[in-house]
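Visitor: Numbering (this note's numbering), first residue to last: 5 to 219.
Built from N, CA and C at the ideal position, the CB exists for glycine as well.
Just passing along the structure, written as structure tokens.
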Amino acid sequence: MSFFKKKDKIDFITLPAPDNTTLYFQQIKILSEQYWSVNQPNENIYGFQIQQNTIWKPGLSDADLLRFQNIIGFVFPEPLKNFYKVMNGLSKPGINLYGNDGTTPTFSPVFYSYPQDINSIKELIKWFLEANLISKNEMLQLKVSRIFPICWHRFLLIDIPGNPILSMFGDDVIYCADNLSKLLANELFENIYNVHDFENLKDLKPDIKFWLDQR
């Protein structure tokens, strides 16, 4: 999924190398807001898109980040902490124009924020556990990685080294990105000059127990 309309004339940009640091997320924040200032949602497609002139909400303080983790029930890995320290959801909800077929547009959050989307985050996690017939206790016993939604149905794996991203919809689960920094680059931009820096490295794909078994 890409959240933006493809322009006729694309000005290619070079993104910083993906590394999940606060500096990387700060740079992505600046570049994405510049991108949104000139890009409009595509009226001819279905699905939620980011509205023009959207900006990121300010990042969380250490105290708010701690409260966030306590409510969710586990400690966030460093990439997720760094992400939320820099940006905490968007100033505008995503918009679905339904391919300009006459349906009234609808709105929904794109990136989940604290505290506004706590209930949505909990419900998404609950839904995917139920859809995949596994409980939190069973995950603990079987050493199955916990999951956390970043945007839409893109879930970060909490307990897998590197914290790769899965695309999850019910029991339909596929590998999406090697890490959070690559996910953001590929979801937010269509005009990356150094696009090869953000491709998934198949030879380094980690072993992901349960979620990708027999899929």
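Just how far apart, CA to CA, sit isoleucine 54 and proline 97?
Guide: 7 Å
Visitor: Using three-state DSSP, classify valine 114 as helix, strand or coil.
Guide: coil
Visitor: Among all the DSSP beta bridges, which residues are the ones paired with arginine 158?
Guide: The partner list for arginine 158 (beta bridge, DSSP) reads Cys155 and Ser171.
Visitor: Name the residue from Asp211, Glu47 and Ala21 whose alpha carbon lies nearest to the alpha carbon of leucine 161.
Guide: Asp211
Visitor: I'd like the ranges of any beta strand (DSSP E) spanning at least 3 consecutive residues and lying wholly in the region 77-117.
Guide: Here the runs fully enclosed are 91-94, 98-100 and 110-112.
Visitor: Secondary structure at phenylalanine 52, three-state DSSP: helix, strand or coil?
Guide: strand
Visitor: Following the continuous alpha helix (DSSP H) through alanine 21, name the residue where it begins and the one where it ends.
Guide: Alanine 21 -> no alpha helix (DSSP H), and no H or E assigned at all.
Visitor: For serine 112, is the classification buried or exposed, using 16 other Cβ atoms within 10 angstroms of its Cβ as the cut-off for buried?
Guide: exposed
Visitor: If phenylalanine 115 sits next to cysteine 155, beta carbons under 8 Å apart, how far is it from one beta carbon to the other, in whole angstroms?
Guide: 5 Å
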